[in-house]
Amino acid sequence: MRTIVVGDIHGCFRDHPFLAYIRTLPLYYETEHYICVHAAVSRKGPECTDRSIALWDRSLADEGIYCGKLVIYGHTPMEKVLYQPGDGTCRQIVAGRKQPLPEYGCIGLDTGCVWKKKLTAMVIEENKNGLEYQIRQVEYGK
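With positions in the sequence shown counted from 1, the corresponding number in the numbering used here is that position plus 483.
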């Protein structure tokens with residue numbers, strides 16, 4: 484058994500076989516309709532997003548005023564999956580219900596699995612009416 488101290492946490496993953504692959508991935512994934520990112524994108528546009536913003540920024544969840552192309556993000560644990568259209572309001576997204584994919588604003592998916600809450604995923608599908616999505620959740624430990 485190996486004991487990891489806080490200062491050594493990054494060292495324990497240094498030689499992981501997937502690390503080289505992970506380092507080749509872009510900071511965000513963008514389609515014609517949406518952007519997926521771990522934490523946030525720059526207010527100046529996704530092309531201006533640096534590593535710090537993409538991995539650590541919490542402004543999408545904290546401010547709720549982003550109104551550009553739809554951003555799907557995590558990093559900031561919330562009790563519920565929320566859609567923020569960019570006008571300072573937010574509304575809860577009910578899991579299991581298919582609905583049209585919004586064109587703008589942001590959807591926060593982090594529901595605190597690391598804190599023994601829920602693991603949340605989003606399925607996006609194209610049909611005759613355009614893009615729709617559904618939230619799926621699994622309770623921790625089930």
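Backbone N, C-alpha and C define an ideal beta-carbon position, used for all residues, glycine too.
Cα-Cα separation between residue i and residue j, rounded to whole angstroms
i, j, result
"Val489", "Glu609", "Because Val489 sits at a pLDDT of 47, beneath the cut-off of 50, its placement in the model cannot be relied upon, and the following sentence gives the value as read from the coordinates. Whole-angstrom Cα-Cα distance: 44 Å."
"Asp498", "Asp593", "27 Å"
"Thr507", "Ile536", "18 Å"
"Val524", "Lys581", "26 Å"
"Val577", "Lys563", "9 Å"
"Met605", "Arg619", "6 Å"
"Arg534", "Ala544", "18 Å"
"Thr532", "Thr603", "25 Å"
"Cys596", "Tyr556", "15 Å"
"Val520", "Arg541", "12 Å"
Opposing strand residues paired with residue i [DSSP bridges]
i, result
"Ile555", "Cys519, Ile590"
"Tyr504", "For Tyr504, which the question treats as bridged, DSSP gives no partner whatsoever."
"Pro583", "Glu615"
"Glu530", "Paired residue(s): none; Glu530 is not in a bridge."
"Gly571", "Paired residue(s): none; Gly571 is not in a bridge."
Residue i in three-state terms, based on DSSP
i, result
"Tyr549", "coil"
"Ala537", "helix"
"Glu622", "strand"
"Pro560", "coil"
"Ile604", "According to the sequence displayed, residue 604 carries Ala and not Ile. In the structure shown, Ala604 sits in a strand (DSSP, three-state: E or B)."
"Leu565", "strand"
"Asn610", "strand"
Supposed close pair residue i, residue j - CB separation, criterion 8 Å
i, j, result
"Tyr623", "Lys601", "7 Å"
"Ile548", "Gly571", "6 Å"
"Leu614", "Cys589", "The Cβ separation is near 16 Å, so there is no contact."
"Ile518", "Tyr511", "6 Å"
"Leu565", "Arg574", "7 Å"
"Leu538", "Ala522", "6 Å"
Own chain, CB closer than 7 Å to residue i, minus 5 neighbours either side, in chain order
i, result
"Val621", "Lys601, Leu602"
"Lys611", "none"
"Pro500", "none"
Cut-off 6 Å between Cβ atoms - residues of its own chain near residue i, not counting five sequence neighbours on either side
i, result
"Gln567", "Gly547, Cys573, Gly588, Cys589"
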